[in-house]
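Protein chains in written order, with the numbering used here: chain A, 96 to 417; chain B, 6 to 326; chain C, 3 to 713.
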Amino acid sequence: MISFLGRNFVEKLITLFFISIISFSVVMLAPGDPSEIDPMNPKFTKEDIQRLREAFDLDKPLYMQYYLYYKKLFTNTLLSYKDNQPVLSKIYERFLNSLPLFIVGTFLTWCLAFPLGIHAALRRQSFFDRSTTFFSYFFISLPSFFLAYLSIIFMVKFFNVPVIGLATFGRESVGIWYMINDRIWHLVLPSMLGAFAGIAILSRYVRGQMLEVIEQDYIRTAKAKGLPDDQVYYKHALRNALLPFITMFGLVIPGLIGGSVIIESIFAWPGMGRLGYDAILARDYPVILSLNFVAACLVLLGTFVSDVFYMAADPRISIQDK
Amino acid sequence: MSEDIEKTVYRHDDSDLPPHISNVKRFWLQLCQNPLAFWGLILLGLFFLTAISGTILTHGDNPIMDPEQVRLVDTLKSPLSKANIELLTPKERPLFDIYFLGTDKLGRDVLSRALQGAHVSLLVGFISVGISVLLGIILGALAGYYGNYVDSIIMRAVDIMLCFPSFFLILTIIALLPASIWNIMIVIGLTSWPGIARFVRAEFLSLRKQDFVTAAEALGLSKFRIMFVHMVPNAIAPVLVSATIGVASAILTESGLSFLGFGVPPPDASWGNILADGKEFIFDAPWLFIVSGTAILVTVLAFNLFGEGLRDALNPKLREL
Amino acid sequence: MFIKRFLIFFPAIVLLILLQSYFWVPNYENQAKGNPSRLTQYITASIGDASVLNPILNADSASSEICDKIFEGLIDRDEDLKLRGRLAKDWKIYEEVLFYFNDHPKWLKKGFTSPQTLKNFLEKFFNQSTSHQLGHIEQIAILPSYQEEKNVVEQLPAGQGGIKEEKHKITLQHPPRLKIILTEVDQDFFSKLEGLLGEGYFDQKRLKGSLIISDARFQEKEELYLKQYLPVTEHNPVIIFHLRQGVQFSDGHEFDAEDVRFTYEAIMNPENRSPRRPDFEPVKKIEILNKYKVKIIYKRLFQPALTAWGIGVLPEHLLNQEQLIREAQNKGLDVSKFGLRQSDFNKMRPVGTGPFIFAEWRSDQYIKLVRNESYWEGPPHYHEYIYRVIPDMLTQELEFYAGAVDHYGAMAHQVDRLKKETRFRNFSGLSYSYSYIGYNLRRELFQDKRVRKALGMAINIPQIIDYVLYGEGEATSGPFLKQTDYYNRGIKPLPYDPQQALELLRQAGWERNSDGLLQKDGKIFEFTLITNNGNPYREAILLIAQNAWKNLGIKVSADRVEWSVFLQKHVDVGNFDAVVLGWTMGIDPDLYQIWHSSQTGHFQLNFVNYQNPEADNLIVRIRQEYNEEKQIELCHQLHEIIFDDQPYTFLYVAKWTALLDKKIAILDKDDKGVPVIKKITPTKTGTYSFYFNKWIKFLTVPLYGPQLDTG
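Take a look at the structure:
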């Protein structure tokens with residue numbers, strides 16, 4: 096077990112190394128030399144390029160550029176162009192803002208996808224199954240920004256309640272209970288919107304897994320033995336159907352930034368996705384590049400944690416086969 | 006988030022996929038029996054028709070419906086309203102003097118812009134998926150056929166790619182490159198190959214052990230020929246499925262980029278930027294975002310349903326059930 | 003089965019917890035839910051953040067809006083746009099006029115042998131005669147002759163188109179002067195005095211001998227220097243401000259005359275690069291007469307200089323040299339490079355005498371002000387004024403609907419819908435701007451004013467207002483702000499009448515040819531109408547005008563040009579036929595830059611090359627006239643002349659519409675001290691926030707009128 100952990104850890108470290116190279120090399124896409132400004136690309140002025148060269152030490156040899164960039168990043172001396180704040184602290188601050196949105200969204204996804212998926216699997220071809228299938232496809236296909244605006248119009252037209260931002264503005268002095276609920280309320284819409292597509296996909300998947308497990312011999316045996324259906328399905332079948340989901344947990348983390356860019360910018364949510372979008376608009380390259388790197392690191396961490404869980408939950412799984 | 010979960014879905018599904026393509030008739034019957042897939046196909050047919058007629062109607066130097074025609078005397082007209090004939094020159098008038106789907110803040114006809122958008126979506130969907138399929142097949146085939154260190158290098162690359170939040174990575178790259186529809190297609194293509202590579206690899210791992218491969222090797226055919234002439238056609242089924250769904254997600258990604266202002270550069274219309282232009286007017290001109298949002302929804306839904314139907318039709322195990 | 007039940011109930015509970023939060027959130031109807039202090043907050047939103055909270059340095063609207071709350075000027079404008087005192091209790095304007103004693107034999111013969119005899123003559127004249135036109139004279143003084151040496155800096159062309167500056171010395175031999183103090187400013191004083199003393203008394207050329215230019219290269223500048231340094235007559239308007247006593251800055255320090263002088267000096271200090279500097283350039287000298295009395299002497303007649311004193315007064319005790327040096331030293335910065343612009347005052351601790359006090363600034367989020375409890379006019383009802391930065395217009399709108407912002411500036415296309423909303427009170431008014439089509443009068447084509455008039459009559463302006471502005475605009479007929487008295491309401495805009503237009507063109511010699519195009523002497527009527535791209539309103543006007551003129555038989559090509567090219571290649575160098583443009587203006591009726599014939603050069607604002615001596619004379623007289631009624635009269639005349647000449651086709655003045663929560667009202671006290679709730683109504687000029695300090699928000703829409711229960 097320790098050896099597995101160690102090997103996995105080393106593997107992840109190697110991946111991290113490559114991630115760091117890729118994250119950094121994205122900056123190379125920008126026009127390199129001031130004399131080579133692409134006239135087709137109006138995004139860059141000479142001053143921008145000069146600034147880029149200075150911030151990323153583009154006149155030094157490649158390995159030095161790489162070294163200096165990460166040195167600056169980790170010593171928190173890499174500064175944002177926009178307000179000269181250290182990039183890492185900025186990202187951390189925004190990460191804390193994104194976290195509740197992400198947690199509630201994921202929580203909703205997982206809590207709703209399982210009952211829906213299991214129910215659909217157990218009543219295959221029923222009306223419930225068919226309609227959930229249709230709605231899954233519907234929500235998978237629905238662009239999140241479209242749904243976001245529909246729901247905003249709905250909330251504002253019929254309820255006249257604030258839905259934008261982290262909390263209602265100007266309520267610093269209210270009681271704690273009001274404050275908490277105000278925060279929760281502001282989480283509801285964006286996190287639900289983020290969760291819809293997730294629920295749709297995950298519930299399809301749970302249904303598939305469940306169907307597969309139900310067909311297994313040991314379930315038939317259990318049923319033949321005369322165990323009540325509920326016990327067969329919810330105890331024996333579910334446990335086995337659940338296993339593969341543990342690995343999935345690590346892979347939902349990119350949603351922390353990637354999936355949230357649109358939702359956060361619509362809801363003026365000061366999170367990581369919004370930070371990234373604002374940085375892109377302001378051409379704040381230190382922030383953009385570091386965000387990519389930080390997000391990739393988070394995913395890596397997530398996969399590592401889920402690998403560990405997976406192993407703990409099911410030691411039968413052969414790790415060599417991965 | 007959605008995309009990444011999908012990828013994992015396929016990772017666990019791939020063992021179910023058949024080693025060869027079933028015959029066309031059976032496949033067709035199978036497809037028609039699945040109501041979702043059937044409707045998906047019909048929607049898809051409608052979408053292709055729209056995109057083709059849209060291309061014909063909106064392209065050229067003097068198109069029948071000009072999506073770029075600015076009519077400042079007819080801004081933010083609601084759907085089905087009549088054009089302001091007195092003030093418009095004959096060239097500026099919309100088809101039949103009616104704005105079937107209204108106009109935007111510059112008085113451009115939303116219908117013709119939506120038609121042009123269909124063409125853009127189609128182009129982005131197919132070319133970017135084409136790129137990712139090509140890359141996925143080559144890398145997946147190499148990994149599956151050679152195994153060993155080739156395999157581990159390619160699979161490590163897949164792992165690395167999966168670590169990046171793809172939407173944000175695309176956004177970053179697009180923001181650094183000059184605005185152009187080709188850059189968008191290439192970037193979407195380059196960031197969405199890992200899923201396909203995985204399927205192809207899995208297929209190849211099982212095909213590798215099959216007799217026809219051994220026979221071909223014994224005949225002394227070149228490895229290249231074995232891989233791409235003999236093995237790839239046998240591994241194409243899951244690729245087809247994920248390519249169909251890939252088109253859906255590419256269209257979704259493009260619309261998201263356009264929505265954030267990094268998509269197809271103006272004056273070209275795409276559904277995403279019609280919606281982005283319309284967001285300021287959600288209370289005053291809701292048709293702007295409803296038209297484009299619905300167009301995206303229906304098209305993506307069509308591809309998704311058809312893709313799922315395809316998967317069912319190609320899956321022998323489900324057929325027996 | 004536990005798991006089954008868990009799978010059903012757990013998500014249900016999670017959803018319930020999430021959704022119950024709705025009942026704890028404020029909504030539009032109940033904004034004070036759990037938060038009574040919301041009623042004492044005024045929250046407004048802006049697209050951009052402020053940049054510098056210093057009235058003499060700021061140049062953006064966000065900063066100046068906040069500065070208006072924190073700082074206060076000596077004067078401002080009341081509901082009717084008349085000037086009223088703020089930090090100045092009142093003020094007095096009079097004039098000192100100066101002229102050189104003329105020692106030409108012609109005048110000596112007339113009996114004006116010395117300055118003293120001239121003075122005696124004048125004193126006698128004023129004491130005896132009462133029917134003269136020279137106004138009331140307070141005092142006459144003699145200023146003895148003196149010699150002065152001056153260093154003058156001139157710019158000389160250097161190689162390669164560069165410029166180098168060169169200093170040289172001139173000597174001025176001032177002859178004795180007479181100084182007369184008039185009780186009222188009179189721009190015609192010298193011409194009247196000349197009538198008394200005799201034609202040609204004020205002869206500038208005679209002073210030639212008093213100027214010695216030592217550097218031969220600058221001999222040619224003699225005439226210029228004479229006018230500048232030895233003006234034969236000089237108007238020196240004077241303003242005396244009586245300052246309000248007992249007013250305190252928000253840090254408790256008392257406001258006095260020193261602060262006024264300091265503010266002036268800070269503006270004029272070149273290192274501060276104040277954008278307000280041109281407004282104060284005509285000031286000659288500022289004198290402190292006592293702690294509450296300031297005397298400002300001007301170099302020349304320039305009436306708009308008075309309104310410049312609306313600028314917020316800075317606290318001298320916090321920003322004087324000593325304080326700035328200390329701040330620089332504390333920060334470890336180079337003292338010589340540290341000035342007002344670098345001070346933290348502008349960002350972290352602005353201090354003024356206004357109704358609100360700066361409290362907090364979170365960049366890109368909000369700026370918070372709290373009320374000034376010791377404001378001299380009584381503290382405002384609102385306890386807090388919060389200026390939110392919301393860059394996205396849609397977000398602003400949503401926040402307004404939800405009650406998290408109290409004010410929303412509606413866009414033209416929304417006005418129709420929002421005016422119907424009963425929850426909001428809406429106000430609309432005319433903006434301080436107008437749009438026009440300007441004709442390049444250098445072009446032969448446009449020299450006949452009948453042609454210009456015809457072009458204007460062919461354009462259906464009500465239609466432009468309807469289609470382009472969604473009805474949110476008003477036609478205008480002249481160059482003055484429509485909401486001021488300077489605008490001549492007797493002049494109606496040109497009617498839309500294409501028939502009459504054709505008739506006018508026919509009179510001017512333009513007839514339709516066989517192609518239906520207008521033709522004169524074998525030439526067809528054609529020109530190019532341009533505007534800058536990116537402004538949808540102007541682009542629409544461009545198309546509509548092109549179409550209208552085409553119907554007359556004029557061949558018009560329309561072009562949209564990128565803004566910088568538009569200015570540099572066309573407007574600034576007078577290279578265009580006709581342009582669609584707009585002006586944004588201040589309230590002062592000074593039209594010198596836009597309409598005076600001296601301003602027609604490259605990069606000047608009279609780019610249409612309008613030249614009318616009668617108009618020129620009026621323009622100059624308007625800016626020198628200190629009597630409001632006379633000034634208005636002159637403006638009306640000028641308006642008439644410009645309208646008659648039609649160098650522009652005046653199109654429209656756009657309207658703005660603002661929405662306010664209906665629960666906000668004015669809380670005042672009547673004569674007996676009973677609180678009265680009044681509806682917020684716009685002033686004559688459309689300003690609705692004039693009584694902002696008396697605004698307050700109620701829980702529900704209040705009943706207007708006297709309040710018996712004062713609770």
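All C-beta atoms, glycine included, are put in the ideal place defined by N, C-alpha and C.
> Since TYR372 of chain A is in the alpha helix (DSSP H), which residue starts that stretch and which ends it?
Replying inline: 367-376
> In its own chain, which residues sit with a C-beta less than 6 Å from the C-beta of VAL382 of chain A, not counting the 5 before and 5 after it?
Replying inline: SER175, VAL182, ALA374
>> Since PHE264 of chain C and LEU316 of chain C should fall inside the 8 Å C-beta cutoff, what is the C-beta to C-beta distance between them, to a whole number of angstroms?
In response: 6 Å
> For a contact meaning CB atoms closer than 7 Å, what does ILE287 of chain B contact in chain A?
Replying inline: TYR244, ILE248
> Using the beta-carbon of each residue, which ones in chain B are nearer than 7 Å to ILE341 of chain A?
Replying inline: In chain order: nothing, as chain B lies at least about 11 Å away.
>> I want to verify the contact list: residues of chain C whose CB lies under 7 Å from the CB of THR263 of chain A, in sequence order.
In response: VAL27, PRO28, ALA406
> Which of helix, strand or coil does DSSP assign to GLU91 of chain B?
Replying inline: coil
> By the criterion of Cβ-Cβ separation under 7 Å, what are the contact partners of LYS284 of chain B in chain C?
Replying inline: LEU396
> Are any of the Cβ atoms in chain C nearer than 7 Å to that of VAL78 of chain B?
Replying inline: yes
> Touch check for the segment 294-303 of chain C and the segment 231-250 of chain C: three-plus C-beta pairs under 8 Å?
Replying inline: yes
> Mind pulling the chain A residues with CB within less than 9 Å of LEU20 of chain C?
Replying inline: VAL199, LEU203, ILE279, TRP280, LEU282, VAL283, SER286, MET287
> Taking all protein chains shown into account, do 16 or more other C-beta atoms lie within 10 angstroms of the C-beta of LEU110 of chain C, making it buried, or fewer, making it exposed?
Replying inline: exposed
>> Since TYR96 of chain C and VAL240 of chain C should fall inside the 8 Å C-beta cutoff, what is the C-beta to C-beta distance between them, to a whole number of angstroms?
In response: 5 Å
> By DSSP, does VAL301 of chain A sit in helix, in strand, or in coil?
Replying inline: helix
>> Would ARG316 of chain B and VAL246 of chain B qualify as a contact pair, given that the criterion is a beta-carbon distance under 7 Å?
In response: yes
> Does any CB atom of chain B fall closer than 7 Å to the CB of VAL400 of chain A?
Replying inline: no
> Along chain B, which residues have their Cβ under 8 Å away from the Cβ of GLN416 of chain C?
Replying inline: PHE288, ASP289
>> Spatial neighbours of SER232 of chain A within its chain, please: C-beta separation below 8 Å, excluding the five flanking residues on both sides.
In response: In the sequence as displayed, the identity of residue 232 of chain A is Tyr instead of Ser. The answer, listed in chain order, is ALA295.
> Using a beta-carbon distance cut-off of less than 9 Å, what residues from the segment 668-691 of chain C approach chain B?
Replying inline: none
>> So with CB distances below 9 Å, who are the chain C contacts of LEU81 of chain B?
In response: HIS415, TYR472
> On the premise that ALA47 of chain C lies in contact with ILE392 of chain C, defined as a C-beta separation below 8 Å, what is that separation, rounded to the nearest angstrom?
Replying inline: 5 Å
> Do we get a CB-CB distance below 7 Å when we pair ILE158 of chain B with the residues of chain A?
Replying inline: no
>> I want to see whether chain B comes within less than 7 Å of ASN335 of chain A, judged by CB atoms only; does it?
In response: no
> Can you tell which of C:LYS696, C:ILE532, C:GLN416 has its C-alpha closest to the C-alpha of ALA660 of chain C?
Replying inline: C:GLN416
> Tell me the DSSP bridge mates of LYS671 of chain C?
Replying inline: C:PRO677
> Where do the N-terminal and C-terminal ends of the alpha helix (DSSP H) with ARG315 of chain A fall, by residue?
Replying inline: 312-319
> For the alpha helix (DSSP H) that ALA242 of chain B lies in, which residues bound it at each end?
Replying inline: 237-264
> Is it true that the CB of ARG452 of chain C sits closer than 7 Å to the CB of LEU506 of chain C?
Replying inline: yes
> How many whole angstroms separate the CB atoms of PHE73 of chain C and GLY314 of chain C, which I take to be in contact at a CB cut-off of 8 Å?
Replying inline: 3 Å
> Just reading off the beta strand (DSSP E) that ARG427 of chain C is part of, what are its end residues?
Replying inline: 426-432
> Is it the case that the Cβ atoms of GLY289 of chain A and ILE357 of chain A are separated by a distance below 7 Å?
Replying inline: no
> With a cut-off of 7 Å, does the C-beta of LEU705 of chain C fall near any C-beta of chain A?
Replying inline: no
> Since VAL356 of chain A meets chain B, which of its residues come closer than 9 Å, beta carbon to beta carbon?
Replying inline: PRO170, PHE172, PHE173, LEU176, GLY261, LEU265
> Taking ILE103 of chain B as the reference, which of B:MET70, B:LEU120, B:PHE169 has the closest Cα?
Replying inline: B:MET70
> Is the number of C-beta pairs between the segment 273-286 of chain B and the segment 190-210 of chain B that are closer than 8 Å three or more?
Replying inline: no
> Taking buried to mean at least 16 other C-beta atoms within 10 Å of its own C-beta, is ASP216 of chain B buried or exposed?
Replying inline: exposed
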